[in-house]
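*Asks:* Sharing a structure below in structure tokens format, with a few things to ask.
Residue numbers (the working numbering): 124 to 304.
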């Protein structure tokens with residue numbers, strides 16, 4: 124441990140270190156106009172379900188914050204509801220460092236801001252299931268994202284390992300995305 128990063132720079136450093144893969148994700152899933160169809164949207168939800176189950180929940184467990192674990196379980200439950208599936212909390216029990224786990228959490232918590240923006244713009248039609256996106260919006264509106272970033276900035280994190288976790292999370296979202304959407 125003992126890593127030092129100034130609180131003001133850690134979030135910005137992670138944003139900079141993940142900018143390319145984040146931009147690729149945005150382009151591949153959303154193009155220039157959001158989801159192209161309900162099936163495209165549901166494909167994204169299925170991918171998000173797997174990412175939260177296999178990376179998000181284990182990451183929250185690694186950095187040991189009960190609120191984070193509860194939040195990941197809620198996200199998985201909302202995704203399952205949107206998909207008409209059963210919640211699956213088994214997760215991938217891979218070994219990850221705490222810093223790597225923080226990088227995963229940076230992506231998944233930060234994506235709540237994107238969910239909030241997409242709902243505000245009306246990118247998701249009212250007749251599409253949107254509990255997952257609504258949960259993200261509520262997390263932002265209730266100060267959850269702000270509190271997460273405060274914890275992130277205060278944690279003794281290795282920025283390189285956090286960047287690896289964040290990039291792996293973005294890559295996991297892209298594993299089934301294709302250029303036809």
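Beta carbons: idealized from backbone N, C-alpha and C, even for Gly.
#1: For residue 252, which of 293, 141, 173 and 163 has the nearest alpha-carbon?
#2: DSSP three-state label for residue 110, please.
#3: Is the region 219-228 touching the region 273-287, taking contact as three or more C-beta pairs under 8 Å?
#4: When you compare the CB positions of residue 179 and residue 161, do they come within less than 8 Å of one another, or not?
#5: Looking at the structure shown, is residue 251 part of a helix, part of a strand, or coil, going by DSSP?
#6: Using DSSP with H/G/I as helix, E/B as strand and the rest coil, what is residue 136?
#7: For the putative contact between residue 256 and residue 228, defined by C-beta atoms under 8 Å, what is the C-beta separation to the nearest angstrom?
*Replies:* According to the structure shown:
#1: The residue with the shortest Cα to Cα distance from residue 252 is 163.
#2: It is not possible to answer for residue 110, since the shown part of the chain is limited to 124 through 304.
#3: Yes: the two stretches touch, three or more of their Cβ pairs being nearer than 8 Å.
#4: Cβ distance not < 8 Å, so residue 179 and residue 161 don't count as in contact.
#5: Secondary structure of residue 251 (DSSP, three-state): coil.
#6: Collapsing the DSSP output to three states places residue 136 in a helix.
#7: Contact between residue 256 and residue 228 does not hold, since their C-beta atoms are separated by about 19 Å, which reaches or exceeds 8 Å.
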